[in-house]
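Note sheet for the following structure.
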Amino acid sequence: MTMAFDAEQDVSDEALLDLYGKGDRMAARMLALRFAPLAFRVAYRMLGDRSEAEDLAQEAMLRLWRIAPEWRAGEAKVSTWLYRVVSNLATDRLRKRRGVGLDEVPEIEDGAASALDRMAEEDRVQALHRALDGLPERQRQAIVLRHLEGLSNPEIAEAMQIGVEAVESLTARGKRALRALLAGERGKLGYDDD
Amino acid sequence: MTMTDAGKQEDLFLDRLFAEARRTSPEVSPDFLARVLAGAEAEQDMRLNRKAAPSFASSPLRHRVAAALSGIRAIFGAWGGLSLATATVAGVWIGFAGSNTALVQAALLDRSATYQSATVQQSSLLSDSDILALAGE
Chain A
1 MTMAFDAEQD
11 VSDEALLDLY
21 GKGDRMAARM
31 LALRFAPLAF
41 RVAYRMLGDR
51 SEAEDLAQEA
61 MLRLWRIAPE
71 WRAGEAKVST
81 WLYRVVSNLA
91 TDRLRKRRGV
101 GLDEVPEIED
111 GAASALDRMA
121 EEDRVQALHR
131 ALDGLPERQR
141 QAIVLRHLEG
151 LSNPEIAEAM
161 QIGVEAVESL
171 TARGKRALRA
181 LLAGERGKLG
191 YDDD
Chain B
1001 MTMTDAGKQE
1011 DLFLDRLFAE
1021 ARRTSPEVSP
1031 DFLARVLAGA
1041 EAEQDMRLNR
1051 KAAPSFASSP
1061 LRHRVAAALS
1071 GIRAIFGAWG
1081 GLSLATATVA
1091 GVWIGFAGSN
1101 TALVQAALLD
1111 RSATYQSATV
1121 QQSSLLSDSD
1131 ILALAGE
């Protein structure tokens, strides 16, 4: 069984999509296992809400199933395509969220200290997510893809469909804003010994 | 501490937060994975079912209807002068009107009397000129 599983790991994404399009159930399973965690992770990092992230990731995966039979080999990496779909869907949701209920968005800039005061030391990641909430959507998208997902700038450029210079600008401005949002919080977050 | 030092400290702090966030990747729930897989299989089934369902124009049924019409044509003199193309157009029309119409049933069962009655009934819906127009004649 292990050997078979290892062998399946060697099958390329494109080959799996092709098999999926022909009705192969195992390919469906392998693709789900391979890409659903990525879709969920990016969605969660963008939205900071588990339920909403699952919903969005499911929507993105449905788009993958629908496009699978027409997938053109060599045009784009499946992961890059998924990064684009998930992060764009998440950006749309963030915009709607801010447009509909401004009061529900954590006000990091005005109340960073009070918000972060509530954070225990082990909640540093949550503190980062709350700070990310204070960024404009495109900056947040670039920061998540660059610093949390570890994509290169050209990969981000492809995912966001912008130039590499624009990516550099977005990540630089995003980091500057995060530094400002988290300014003075190092001690509270257990990083005071640097 | 200079401003540059402070800036470096903030950068370091931010980098460590990023690293920690990368390490604490959120786990996917089995329920979520099950829903994704169910969606994948449902989409597969839908696509394969669409492929499996033959269209009337390319199905053997159409040819059977055309053959039946051809046989029936001999019974009715008025149909005698019509070309095979017209019979084909009639077949297309039958497909357009729905494969479960009385006309198709009559043609398949080759019941002349029923067919005649059904023809009268259907002719009010689509005239001969309409049929010819459909054929581009």
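Read top to bottom, the protein sequences are chains A and B.
With this note's numbering as the guide, the letters of the first sequence map in order to residues 1 to 194.
With this note's numbering as the guide, the letters of the second sequence map in order to residues 1001 to 1137.
Note that CB positions come from ideal geometry on N, CA and C, so glycine has one too.
Secondary structure at residue i, three-state DSSP: helix, strand or coil?
i	result
A:Ile-162	coil
A:Arg-95	helix
A:Gly-134	coil
B:Lys-1008	helix
A:Glu-107	Below a pLDDT of 50, predicted positions are generally treated as unreliable, and A:Glu-107, at 43, falls in that range; no measurement from the model is reported.
A:Glu-185	coil
A:Glu-75	coil
A:Leu-175	Here residue 175 of chain A turns out to be Lys, not Leu, going by the sequence shown. Here A:Lys-175 sits in helix by DSSP.
A:Ser-87	helix
B:Gly-1039	helix
A:Leu-17	helix
A:Pro-37	helix
A:Ala-27	helix
B:Lys-1051	helix
A:Asp-49	coil
A:Glu-155	helix
B:Thr-1024	coil
B:Ser-1029	coil
A:Val-11	coil
A:Leu-64	helix
A:Glu-149	coil
Please list, in chain order, the chain A residues whose beta carbon lies closer than 7 Å to that of residue i.
i	result
B:Pro-1030	Ordered by position in chain A, no residue passes the 7 Å Cβ test against B:Pro-1030, which lies about 11 Å from the chain.
Check the Cβ of residue i against every Cβ in chain B and list those closer than 7 Å, keeping chain order.
i	result
A:Pro-37	Val-1028
A:Trp-65	Gly-1039, Ala-1040 and Glu-1043
A:Gly-23	Gln-1044 and Leu-1048
A:Ala-73	By Cβ distance, chain B contributes nothing, its closest Cβ being about 19 Å from A:Ala-73, past 7 Å.
A:Leu-16	Going along chain B, no residue has its Cβ under 7 Å from A:Leu-16, so there is no contact; the nearest lies around 11 Å.
List, in chain order, every chain A residue whose beta-carbon is nearer than 9 Å to that of residue i.
i	result
B:Arg-1022	His-147, Leu-148, Glu-149 and Gly-150
List, in order along the chain, the chain A residues whose C-beta lies closer than 8 Å to that of residue i?
i	result
B:Arg-1050	Neighbours of B:Arg-1050 on chain A: none; closest Cβ ~11 Å, over 8 Å.
Please list, in chain order, the chain B residues whose beta carbon lies closer than 8 Å to that of residue i.
i	result
A:Gln-58	Phe-1032, Arg-1035, Val-1036 and Gly-1039
A:Val-78	By Cβ distance, chain B contributes nothing, its closest Cβ being about 14 Å from A:Val-78, past 8 Å.
Name, please, each residue of chain E whose Cβ falls closer than 8 Å to the Cβ of residue i.
i	result
A:Tyr-83	Among the chains of the structure shown, chain E does not appear; the protein chains present are A and B.
Note down, in chain order, every chain B residue with its Cβ under 9 Å from the Cβ of residue i.
i	result
A:Ala-28	Leu-1037, Ala-1040, Glu-1041, Glu-1043 and Gln-1044
A:Pro-69	Arg-1047
Would you call the stretch 166-185 of chain A and the stretch 81-101 of chain A in contact, with 3 or more CB pairs under 8 Å?
-> no
Give a yes or no on contact between the stretch 174-185 of chain A and the stretch 148-156 of chain A, applying the rule of three or more CB pairs nearer than 8 Å.
-> No: the two stretches stay apart, fewer than three of their Cβ pairs being nearer than 8 Å.
Taking contact to mean at least 3 C-beta pairs separated by less than 8 Å, is the stretch 67-76 of chain A in contact with the stretch 44-59 of chain A?
-> no
For the stretch 1034-1046 of chain B and the stretch 1010-1018 of chain B, state whether three or more C-beta atom pairs, one from each stretch, are separated by less than 8 Å.
-> no
Spell out a yes or no on whether the stretch 1016-1032 of chain B and the stretch 153-167 of chain A are touching, meaning 3 or more CB-CB pairs, one atom from each, closer than 8 Å.
-> no
Is there contact between the stretch 1029-1037 of chain B and the stretch 25-36 of chain A, where contact requires at least three CB pairs shorter than 8 Å?
-> yes
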